[in-house]
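Below you'll find the structure, written out as structure tokens, and then a few comments.
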Amino acid sequence: MGLLLKHGNVITQNDNRDIINGDILIEEGNIINIASEIEPKGHDVYNFENLVIAPGFVQSHIHLCQTLFRNIADNLPLMEWLNNYILPLEAAHTKKSLQSAVQLGLAELLLGGTTCILDMGHSRYQEIIFQEMVYSGIRGASGMVMMDIGKSGSENKTDRVLVQTEELIGNWHKKENHRISYALAPRFIPSCSSKLLKGVKSLAEKYDLIIHSHASENQQEVALVKSQTGVSPVHYFVNTGLSEFTLSLAHCVWLTREEIDLLSKYNINVLHCPSANLKLGSGIAPIPEYLSKNINVSLGSDGAACNNNLDMFQEMRLSALIQKPFRGPDSLPAQKVFDMATLGGARSLNLSHQIGSLEVGKKADLVVFNFNKVHSIPADDIYSQIVYSGKSENIRHVMIDGIWQVYNQKLQKYEENEVIKKSWYYIYKMLDNLKISLT
Ligand SMILES: [Zn+2]
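For the sequence shown, this note's numbering begins at 4 and goes up steadily by one.
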């Protein structure tokens with residue numbers, strides 16, 4: 004048994020970045036063989052002639068719980084956007100509205116070829132996010148967003164946050180044949196006490212977990228961290244000892260030279276979110292400089308509330324384009340961007356031994372592209388075709404753990420119209436309860 008994908012143009016993302024015309028054999032969710040010709044032996048055979056097969060996208064910074072807040076609080080700077088809209092809306096979620104937000108997000112991610120995510124979760128109903136991640140078939144890590152300072156954190160006292168987190172770790176870490184894992188999620192330094200971060204450190208140590216947070220998104224936040232702690236954000240993460248673990252920090256836009264050296268020294272992962280950084284007017288992270296210092300960079304859409312999509316094609320294209328006016332047209336080539344979207348993401352989740360490339364022994368997490376579209380041809384370079392002219396409509400099939408989760412552009416677990424209908428219902432209900440009206 005197993006699946007045999009034949010005659011595809013395979014972008015392997017192996018160390019040599021080989022692109023081969025050939026077949027992929029998959030058994031029990033793993034890649035067993037890749038070769039120019041593999042004989043079927045009772046396998047389900049798929050003919051992918053004229054199609055491109057590539058590793059699935061890894062989006063390393065997502066807020067599934069914010070997907071219902073798309074197109075609602077636009078044209079605002081970070082702190083105002085966060086304090087006046089996003090935190091109150093997140094806090095107003097019921098289990099049902101959260102489930103609707105998560106389903107909407109997962110549907111968009113899967114249809115766009117994202118096979119793995121690092122999600123910053125919810126402060127009360129985190130189990131709903133895990134339940135939907137399990138059901139949807141997506142791979143990834145999430146974790147209850149941890150806050151014990153500030154308006155929306157005041158009801159969540161430190162000890163309770165840590166106890167709840169440990170319970171969730173017990174229930175969800177390494178579930179579904181390790182497809183689902185737990186990532187500790189202290190929101191950002193201004194919302195976390197030093198006692199809470201100490202607790203994060205002990206949990207990371209006890210359960211061997213990755214830590215997912217935000218750092219240096221805009222200058223106001225950096226000033227706030229300095230006034231609270233006396234040092235800048237990356238310094239503070241290092242001082243707290245969190246950099247001793249896999250530490251993945253979203254944004255890293257406003258770092259000092261010293262902080263950039265700390266990223267390199269402690270192998271801290273940068274989760275680059277170009278759309279969100281531009282839309283909130285936060286700034287442009289110096290990604291070519293990070294890459295030149297061998298700092299791992301991956302990509303994420305952040306939340307639909309500050310993007311307003313969860314589309315990897317937009318993140319790839321923007322991440323390349325925004326560097327070019329200042330650093331030259333060759334500052335971030337398409338192939339490097341595709342590395343960030345696949346291998347970089349795998350590293351940020353500490354999963355590079357399993358995903359990020361199509362190689363024997365790795366998981367069968369892949370996308371099948373159809374580039375026979377008017378917006379995609381002609382093309383001399385496959386990476387340009389993906390990064391500069393690719394769109395979600397190029398994605399024909401999506402496989403995770405050897406299972407088709409999107410086939411012929413149709414979600415296999417969700418009814419798309421149902422997801423849309425539910426989303427409209429719950430966002431109107433939430434806005435009504437909060438007395439916010441759409442203009
Ligand atoms: Zn974020």
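Every residue, glycine too, gets a C-beta built ideally from N, C-alpha and C. Given the structure is predicted, the values throughout are model-derived calculations rather than measurements.
Contact test: residue i Cβ vs ligand 1 heavy atom, cutoff 8 Å
i: D305; result: yes
i: M82; result: no
i: M343; result: no
i: A76; result: no
i: H125; result: no
i: H64; result: yes
i: C276; result: yes
i: A279; result: yes
i: H217; result: yes
i: A253; result: yes
Exposure label - residue i; buried when at least 16 CB within 10 Å
i: V48; result: exposed
i: L352; result: buried
i: Y185; result: buried
i: L437; result: exposed
i: G156; result: The pLDDT assigned to G156 is 49, lower than 50, so where the model puts this residue is not dependable; a value taken from the coordinates is nonetheless given after this. The residue is buried, with at least 16 neighbouring Cβ atoms inside 10 Å.
i: T259; result: exposed
i: N53; result: exposed
i: N50; result: exposed
i: P80; result: exposed
i: M4; result: exposed
i: Y138; result: exposed
i: R530; result: Limits of the chain in this structure are 4 at one end and 442 at the other, which puts residue 530 out of reach.
i: Q62; result: buried
i: E220; result: buried
Cα-Cα separation between residue i and residue j, rounded to whole angstroms
i: S325; j: I287; result: Strictly speaking, residue 325 in this sequence is Ile, with Ser absent from that position. Straight-line Cα distance between these residues: approximately 7 Å.
i: E419; j: G233; result: 49 Å
i: H275; j: T345; result: 13 Å
i: R330; j: S267; result: 21 Å
i: E421; j: E262; result: 46 Å
i: D333; j: E42; result: 42 Å
i: N33; j: S322; result: 31 Å
i: W427; j: L114; result: 19 Å
i: F248; j: A207; result: 7 Å
i: K327; j: M433; result: 41 Å
i: L200; j: L187; result: 10 Å
i: D404; j: E31; result: 8 Å
i: A253; j: H125; result: 17 Å
i: F341; j: E396; result: 18 Å
i: C255; j: S235; result: 11 Å
i: N299; j: S246; result: 14 Å
i: K365; j: A308; result: 34 Å
i: G143; j: N312; result: 19 Å
i: K424; j: Y293; result: 42 Å
i: I172; j: S197; result: 21 Å
i: V93; j: R73; result: A quick correction: the sequence has Glu, not Val, at residue 93. Going from the Cα of E93 to the Cα of R73 covers about 13 Å.
i: K9; j: V390; result: 25 Å
i: Y429; j: N17; result: 44 Å
i: N373; j: V55; result: 7 Å
i: E83; j: G45; result: 59 Å
i: Y88; j: D26; result: 49 Å
Residue nearest to residue i in terms of C-alpha spacing, selected from the options
i: A367; options: L28, I22, V273 and M4; result: L28
i: N12; options: E40, L6 and S63; result: E40
i: L107; options: K416, I439, L437 and L434; result: K416
i: F191; options: G347, V203 and L8; result: V203
i: E224; options: W257, H215, I56 and L79; result: W257
i: S251; options: L265, V273 and V237; result: V273
i: T118; options: K177, M315, L265 and L85; result: M315
i: N270; options: M149, N19 and V241; result: V241
i: T168; options: M149, N180, A57 and H64; result: M149
i: Q147; options: I141, I132, S139 and Y138; result: Checking the sequence shown, residue 147 turns out to be Met, not Gln. Looking at the Cα atoms, I132 is the closest of the given residues.
i: K413; options: R399, K424, I406 and I423; result: R399
i: G116; options: V377, T161, Q357 and M319; result: M319
i: D122; options: N280, L302 and Q408; result: L302
i: K209; options: H176, Y239 and V228; result: H176
i: A57; options: Q388, D211 and I89; result: Q388
i: M136; options: P291, E362 and H66; result: H66
Bridge-paired residues (DSSP) for residue i
i: P58; result: L369
i: W407; result: M402
i: R185; result: Sequence check: residue 185 is Tyr here, not Arg. Partner(s): S145.
i: G25; result: G11
i: L121; result: A144
i: E93; result: Paired residues: none, contrary to the question.
i: N50; result: K9
i: K413; result: Y410
i: V300; result: V273
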